[in-house]
Amino acid sequence: MNKNIILGWFGTFLQLFLRLSWGVISVPIAILLHLNTVEIGFVATSFYVGYVISSIPWGLVIDKIGPNKTITISALILVPLNLLLFFSLNSYVLLVIVYLIDGVVAAAIFPSAMKIVAISHSSESKFTFYVALVESAAPITILVLSLIATILLHLWKFIYLLMAIGFLLLGIFSSKINSNATSTEIKRSLRIIFDKRIALSTLIRLGELWATWGTTTWIFPMLVLYRDISPSLSALFLLLFGLGQLVGIINVDKLVQLAGIVKVILFNLIGFIIISLVLTISNGLLILSEAFLLGIFSFLYRPPTDSLIMKIAGNSSAATSIGYANAVSQIGTMIAPTVIGLVLYLTKSFTFSMITLDIGCVISIISLLVLESWL
Numbered sequence: 500m501n502k503n504i505i506l507g508w509f510g511t512f513l514q515l516f517l518r519l520s521w522g523v524i525s526v527p528i529a530i531l532l533h534l535n536t537v538e539i540g541f542v543a544t545s546f547y548v549g550y551v552i553s554s555i556p557w558g559l560v561i562d563k564i565g566p567n568k569t570i571t572i573s574a575l576i577l578v579p580l581n582l583l584l585f586f587s588l589n590s591y592v593l594l595v596i597v598y599l600i601d602g603v604v605a606a607a608i609f610p611s612a613m614k615i616v617a618i619s620h621s622s623e624s625k626f627t628f629y630v631a632l633v634e635s636a637a638p639i640t641i642l643v644l645s646l647i648a649t650i651l652l653h654l655w656k657f658i659y660l661l662m663a664i665g666f667l668l669l670g671i672f673s674s675k676i677n678s679n680a681t682s683t684e685i686k687r688s689l690r691i692i693f694d695k696r697i698a699l700s701t702l703i704r705l706g707e708l709w710a711t712w713g714t715t716t717w718i719f720p721m722l723v724l725y726r727d728i729s730p731s732l733s734a735l736f737l738l739l740f741g742l743g744q745l746v747g748i749i750n751v752d753k754l755v756q757l758a759g760i761v762k763v764i765l766f767n768l769i770g771f772i773i774i775s776l777v778l779t780i781s782n783g784l785l786i787l788s789e790a791f792l793l794g795i796f797s798f799l800y801r802p803p804t805d806s807l808i809m810k811i812a813g814n815s816s817a818a819t820s821i822g823y824a825n826a827v828s829q830i831g832t833m834i835a836p837t838v839i840g841l842v843l844y845l846t847k848s849f850t851f852s853m854i855t856l857d858i859g860c861v862i863s864i865i866s867l868l869v870l871e872s873w874l
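So for the sequence shown, our numbering puts the first residue at 500; every next one is plus one.
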């Protein structure tokens, strides 16, 4: 594995850890600042608002100046933002503002990582494998969070200190290596945004992210607060959920080669809907087996979808295509946490919340079937 792939993975891990850790540390912070479920969800949403509005501009910048320079700029800006929350988190307004700016800045990292993969491996038969390799940062992030979830309930402030240190190391590491990216004119990159196949692929991704990150953001507090599952058992659920994602992502390239991209995506979307509904009627230790399956079905569709988007766009506009996909599809991620929080606030129902998450999968299935007829 070359240094650039390691860089892309590490950067993706850090930006995911920054946003996904909110699903755990929101519990003690909500107690500290007296937040309700809508306010908790809005913090996550504020991050994704920033992420969405800056994703397309970042994609154009990455294709123009290269992923390594972009990662360095983003990482070094994120250092003082995280230090601010470590030293002086005493206001809900401050919390929302910082997470909003975090989203604006962190949006540069994932498209940069995907650009690195496209430069290095897009012509290879195992392209989806390398995409999955970088995206394995997501389940590993969830695994790490599940292992330290109960500790974070007491030592949550140190997340922000660790984030500051991590982004500093990322910025230094990125400035020392070169991805050999060629510059692409902004006008040329912009054309990809108007490709109807990219637009529809992005809609598939929107539904996927609605389900994936809505679940990841809320599943721990939902189990604790609305299913009366102990924090330790809920942390174990999160661990198995992340393990399922990792097992799925490791095997995704083999599945794509056997069944094709469309069938792999469709199978996992349907699987997510089935397991999420079964989870609403399960009790006790049975939910742990469902956690593993939910993990598999909640993420295995991502690498094939992103591979498809970049193949349609081509190497020169890979970052723009993923930046555009992020901008549109992250609307699902942006809205889902607050919508789920609102559903919980109004209904106090775990079941209704899971059904709300399944709406994303339905959107993806419909879009996928239409796209299949265009390919």
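Note that beta-carbon positions come from the ideal geometry of N, C-alpha and C, so glycine has one too. Small disclaimer: the values here were computed from a predicted structure and weren't measured.
| Asked | Found |
| --- | --- |
| Determine, using beta carbons only, whether residue 855 and residue 838 come nearer to each other than 9 Å. | yes |
| Give a yes or no on whether the C-beta atoms belonging to residue 807 and residue 700 are separated by under 9 Å. | yes |
| Suppose contacts are defined by Cβ-Cβ distances below 9 Å. Is residue 659 in contact with residue 843 by that definition? | no |
| If you follow the alpha helix (DSSP H) that residue 502 is in, where does it begin and where does it stop? | 502-519 |
| In or out: residue 503 buried (at least 16 other Cβ within 10 Å) or exposed? | buried |
| Can you give, in chain order, each stretch of the alpha helix (DSSP H) that sits fully within the segment 746-828 and has at least 4 residues? | 760-778, 785-798 and 801-812 |
| Where does residue 709 sit, in a helix, a strand or coil, going by DSSP? | helix |
| Along the alpha helix (DSSP H) that carries residue 631, what are the first and last residues, could you check? | 626-634 |
| With distances taken from CA atoms, which of 717, 729, 769 and 739 is nearest residue 707? | 769 |
| What is the residue span of the alpha helix (DSSP H) that residue 728 lies within? | No alpha helix (DSSP H) contains residue 728, which DSSP labels as neither H nor E. |
| Please report the straight-line C-alpha distance between residue 584 and residue 848, rounded to a whole angstrom. | 32 Å |
| Thinking C-alpha only, which one of 790, 651 and 571 is nearest residue 676? | 571 |
| Please list the terminal residues of the continuous alpha helix (DSSP H) segment that includes residue 669. | 657-675 |
| So, under 8 Å CB-CB, residue 580 and residue 595 are touching, yes? Tell me the CB distance rounded to an integer number of Å. | In fact, because the Cβ distance is near 13 Å, the residues do not count as touching under 8 Å. |
| Hey, residue 710 and residue 859 are a contact pair by Cβ (cut 8 Å); roughly how many whole angstroms apart? | 4 Å |
| Distance, Cα to Cα, residue 824 vs residue 830? | 10 Å |
| Compare the C-alpha of residue 811 against each of 696, 756 and 845 and name the closest. | 696 |
| Using the C-alpha atoms, what's the distance from residue 564 back to residue 601? | 21 Å |
| Who are the near neighbours of residue 795 in its chain, counting only those whose CB is closer than 6 Å to its CB and skipping five residues on each side? | 743 and 747 |
| With DSSP as the reference, label residue 694 as helix, strand or coil. | coil |
| List the endpoints of the continuous alpha helix (DSSP H) containing residue 581. | 566-587 |
| Kindly indicate which residue of 555, 791, 626 and 613 has the alpha-carbon position closest to the one of residue 740. | 791 |
| Can you give the beta carbon distance from residue 778 to residue 786, rounded, assuming they're within the 8 Å contact cut? | 6 Å |
| Among 647, 734, 630 and 661, which one has its Cα closest to the Cα of residue 611? | 630 |
| Roughly how many whole angstroms lie between the Cα atoms of residue 872 and residue 665? | 44 Å |
| Is it a yes or a no for the segment 642-654 touching the segment 529-543, going by three-plus beta-carbon pairs under 8 Å? | no |
| Under 9 Å between the Cβ atoms of residue 673 and residue 603? | no |
| I think residue 546 touches residue 599, with their Cβ atoms under 8 Å apart; what is that distance to the nearest whole Å? | 7 Å |
| Note the first and the last residue of the continuous alpha helix (DSSP H) segment covering residue 605. | 591-605 |
| Who are the Cβ neighbours of residue 805 in its own chain at under 8 Å, not counting the five residues just before and after it? | 613, 630, 634, 704, 821 and 824 |
| From 766, 863 and 587, pick the residue whose C-alpha is nearest to that of residue 698; which is it? | 863 |
| For residue 533, which three-state DSSP category applies? | coil |
| Does the separation of the CB atoms of residue 803 and residue 751 fall below 9 Å? | yes |
| Rounded to the nearest angstrom, what separates residue 574 and residue 618 at their Cα positions? | 21 Å |
| At what residues does the alpha helix (DSSP H) containing residue 852 begin and finish? | 849-871 |
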